[in-house]
Amino acid sequence: AQSVTQLGSHVSVSEGALVLLRCNYSSSVPPYLFWYVQYPNQGLQLLLKYTSAATLVKGINGFEAEFKKSETSFHLTKPSAHMSDAAEYFCAVSDYRIIFGSGTRLSIRP
Amino acid sequence: DGGITQSPKYLFRKEGQNVTLSCEQNLNHDAMYWYRQDPGQGLRLIYYSQIVNDFQKGDIAEGYSVSREKKESFPLTVTSAQKNPTAFYLCASSLGGMNTEAFFGQGTRLTVV
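Protein chains in written order, with this note's numbering: chain A, 1 to 110; chain B, 1001 to 1113.
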C-alpha cells in the first residue's frame, strides 16, 4: 500500500525566511502526490499536485515542491514566509484512495 | 456555486445514539470520501466510493456506515459501536481515478457526551 510520511509535526520560521516542509513517500509504482493546506476549523485546500510532467511543481501562494525519485521525497518550499502562511500542511498520495500524512503545523514568527 | 456542503458544522449527541452526517456535492464528481481528523493524527480514511451504489472500507471503518444511492450524496452514520466518535469529520469528492485532487467540505465537528 502507498503511504506518505511527514517529518516534523511542527515547524516554526521567521517571517521572510525559507519554509521547508518534508514529505517522503512509499510507493512501488510512480506515485501521484499532493500538498494541501488547512486553516483552523476548515476543510483542506489543494496547494499543488505532482503529475509526472515536471519534477518541480509550482502551486498557489508562492509554494512549490520538487519530486525526487532517488530520495522518494516531495518536499514543499516557499522562499519567503508570510504571516498568512501559518496553517497545517498535509502531504498526500493517491491510488484511488487518497492517503494523507500526519500533517505539519507551520508557525510564523514576526 | 459549485462545491461540497457538509451539515451541520457542529453536532452534539449523547453516548449510545447513532448520528448521520450529511455530505452533498454539486461538482458532478464520481468519487467521494469520508475522513476523520484527530489532533496529531492527520486525516484517516473511513469509507470511499468511486461510483454510485458502490463503496469500500477505508482504514478505520469499524463503527461507521455509509450509503451512496445518489451521485451527489454520501452520508456517514456514526453508530453506537464506534468507541471514540468525538472528532472532526471531513467529506471530500474528486473526479475519480488516481491523479485527481480531492475537494473538501468545511467539516462537521461531532461531540459525543
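For each residue, glycine too, the CB sits at the ideal point set by N, CA and C.
Report task. Assign P31(A) to buried or exposed, taking buried as 16 or more other Cβ atoms, counted over all protein chains shown, within 10 Å of its Cβ. Result -> In the first sequence, counting from the first residue as 1, residue 31(A) sits at position 31. With 16 or more other Cβ atoms from the protein chains shown falling within 10 Å of its own Cβ, P31(A) counts as buried.
Query raised in the report: Taking the alpha-carbon positions, what's the Q42(A) to S9(A) distance?
Result: Taking the first sequence and counting its residues from 1, the one referred to as residue 42(A) is at position 42. Taking the first sequence and counting its residues from 1, the one referred to as residue 9(A) is at position 9. One alpha carbon belongs to Q42(A), the other to S9(A), and they sit about 19 Å apart.
Query raised in the report: chain B partners of Y89(A), CB-CB under 7 Å?
Result: Stepping through the first sequence from its first residue, residue 89(A) is reached at position 89. The contact set of Y89(A) on chain B, defined by CB atoms closer than 7 Å, is empty, because the minimum CB distance reaches about 11 Å.
Query raised in the report: Helix or strand or just coil, what does DSSP make of D1054(B)?
Result: For the purposes of this step, residue 1054(B) is taken as the residue at position 54 of the second sequence. DSSP places D1054(B) in strand when its eight states are reduced to three.
Requested in this report: Using a Cβ-Cβ cut-off of less than 7 Å, list which residues of the stretch 1085-1106 of chain B approach chain A; keep chain order.
Outcome: Near chain A, meaning a CB-to-CB distance below 7 Å, the residues of the stretch 1085-1106 of chain B are L1090, M1098, N1099, E1101, A1102, F1104, G1105 and Q1106.
Query raised in the report: Do L1090(B) and D1030(B) come within 9 Å of each other at the CB atom, strictly closer than that value?
Result: To locate residue 1030(B), count along the second sequence from 1; it is residue 30. To locate residue 1090(B), count along the second sequence from 1; it is residue 90. It is not a contact, given that the beta carbons lie outside the stated cut-off.
Report task. Grab me the residues of Y1010(B)'s own chain with a C-beta within less than 6 Å of its C-beta, minus the 5 sequence neighbours each way, in chain order. Result -> One-based indexing of the second sequence puts residue 1010(B) at position 10. R1109.
Requested in this report: Count the other CB atoms, across all protein chains shown, that sit within 10 Å of the CB of A1102(B); report buried if there are 16 or more and exposed otherwise.
Outcome: Here the question's residue 1102(B) lines up with position 102 in the second sequence. Of the residues assessed, A1102(B) falls on the buried side of the cut-off, its CB having 16 or more other CB atoms within 10 angstroms.
Report task. Give me the Cα-Cα distance between L20(A) and E1015(B), rounded to the nearest whole angstrom. Result -> Locating residue 20(A) in the first sequence gives position 20, counting from the first residue. Locating residue 1015(B) in the second sequence gives position 15, counting from the first residue. L20(A) and E1015(B) have their alpha carbons spaced roughly 42 Å apart.
Query raised in the report: Closer than 9 Å, CB to CB, is N76(A) near chain B or not?
Result: Mapped onto the first sequence, residue 76(A) falls at position 76. Going by the sequence as given, residue 76(A) is Leu instead of Asn. Interface criterion not met: the Cβ of L76(A) is under 9 Å from no Cβ in chain B.
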